[in-house]
Amino acid sequence: AAGVIQSPRHLIKEKRETATLKCYPIPRHDTVYWYQQGPGQDPQFLISFYEKMQSDKGSIPDRFSAQQFSDYHSELNMSSLELGDSALYFCASSLRWGQGTDTQYFGPGTRLTVL
Amino acid sequence: KNEVEQSPQNLTAQEGEFITINCSYSVGISALHWLQQHPGGGIVSLFMLSSGKKKHGRLIATINIQEKHSSLHITASHPRDSAVYICAVREGSDKLIFGTGTRLQVFP
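Protein chains in written order, with our numbering: chain B, 1 to 115; chain P, 1001 to 1108.
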C-alpha cells in the first residue's frame, strides 16, 4: 500500500539559507500535518492543513510557512535558517479531518542539518 | 509538567520477557496513539485507541479514560522490538501531543 512520501530525505543547508520540504500524503487523504523533532526531543506539532486550508497551527516560527496544494501535497518552506532548525521533520496524513477517529500515518521524515 | 508523561524512560529486557510501557495524560482527549520510532527515525503508528483494548500480534494496548492512563504491552519480546515507543494524544483538534518516549532495548 502507498505510504506518505517525503522529499528530500536528507538536506544540508547553511545558516540564513532557505529550504523547502515536500510531503505527499497517502492517496485520498485530505489532511496533512507537519511535526518537528529536534535531537533528543519529542516531536512537536507545527501546522496542519485540511482541504488546502490551514486547520491548526502550533509552534511554527514566523520564518516558516507551509501550504497544501490542489493535489493535496504539502510544502514546508523555511527561510533564514538557524542552527536550531536542525531536526527531523515529519509529515503525517489522514482522512476526514476533525472526526477524531482517523489515524495519522507518518512519513519517513526529512533530516535537516543546518551548518 | 508535560501534558503526556511516559514511564519508564528507558527499559532493558531479555528476549522473551513481557514488557509494559505506561502513559499518563492530563488533558481531555479524543484519541490516544502508540507510535514506534526506530533508530533511523521513521515513525510507525501501532495503535489508535479511544476506549478499551486493542491487540495486534504480540502487542496489546489498553486505555482507561477515567484514569487518563494507557499501557502498551509487548509479549514474548524480541530484539527487533528495540525502538523508542511514543504515546501521543489528540486533544480536541487533530494535532498530536507527544510524550517523552520510552527507549526499549531487548537483548538476545
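All residues carry an ideal CB built from backbone N, CA and C; glycine is no exception.
Spatially closest choice to residue i from the options, by CA coordinates
i	options	result
Gln68 (chain B)	B:Gln104, B:Pro25, B:Pro108, B:Gln37	B:Pro25
Phe106 (chain B)	B:Arg16, B:His29, B:Lys13	B:His29
Gln1037 (chain P)	P:Arg1080, P:Arg1090, P:Phe1107, P:Glu1091	P:Arg1080
Gly123 (chain B)	B:Gln36, B:Asp71, B:Cys91	Nothing can be reported for residue 123 (chain B), as the shown portion of chain B is limited to 1 through 115.
Tyr1085 (chain P)	P:Gln1105, P:Lys1054, P:Gln1066, P:Ala1076	P:Gln1105
Phe1018 (chain P)	P:Ser1077, P:Phe1107, P:Pro1039, P:Gly1092	P:Ser1077
Pro1008 (chain P)	P:Phe1107, P:Pro1108, P:Arg1103	P:Arg1103
Lys1068 (chain P)	P:Asn1010, P:Cys1023, P:Gln1014	P:Cys1023
Three-state secondary structure assigned by DSSP to residue i
i	result
Gly1052 (chain P)	strand
Arg9 (chain B)	coil
Asp62 (chain B)	coil
Arg111 (chain B)	strand
Counted within 10 angstroms of its Cβ, other Cβ atoms place residue i as buried (16 or more) or exposed
i	result
Lys1095 (chain P)	buried
Ser74 (chain B)	buried
Arg1090 (chain P)	buried
Thr113 (chain B)	exposed
His1033 (chain P)	buried
Beta-bridge partners of residue i, as assigned by DSSP
i	result
Val1005 (chain P)	Residue identity check: residue 1005 (chain P) is Glu in the sequence provided, not Val. Beta-bridge pairing links Glu1005 (chain P) to P:Ser1024.
Ile47 (chain B)	B:Trp34, B:Lys57
Leu1104 (chain P)	P:Leu1011, P:Ala1083
Cβ of residue i within 8 Å of any chain B Cβ
i	result
Thr1144 (chain P)	Because residue 1144 (chain P) is not part of the residues shown, which for chain P are 1001 to 1108, the question remains open.
Ile1065 (chain P)	no
Leu1096 (chain P)	yes
Ile1060 (chain P)	no
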